[in-house]
Amino acid sequence: MKKLALILVMGTLVSFYADAGRKPCSGSKGGISHCTAGGKFVCNDDSWFY
Numbered sequence: 001m002k003k004l005a006l007i008l009v010m011g012t013l014v015s016f017y018a019d020a021g022r023k024p025c026s027g028s029k030g031g032i033s034h035c036t037a038g039g040k041f042v043c044n045d046d047s048w049f050y
């Protein structure tokens, strides 16, 4: 039972870590300001993310 609980906890932690990499403009970029008509993200620090 302990083994199953450990596997579930580790799986949850790994999925949270993997999801963090899919967010454009995260961290020091300050988040997403808006999107362009071409589907590009503009970050709050005025940089682009494709």
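Sequential numbering from 1 applies to the sequence shown in my numbering.
By construction, the Cβ of each residue, glycine as well, lies at the ideal position given by its N, Cα and C atoms.
Exercise for the section: State the beta-bridge partners of cysteine 35 as determined by DSSP. Expected result: Phe41
Exercise for the section: Say yes only if the C-beta of cysteine 43 is nearer than 7 Å to one or more non-hydrogen atoms of the ligand MN, and no if none qualify. Expected result: The ligand MN is absent from the structure shown, which contains no ligands of any kind.
Handout entry: Cβ-based burial, cysteine 35 [other Cβ within 10 Å; buried from 16]
Key = exposed
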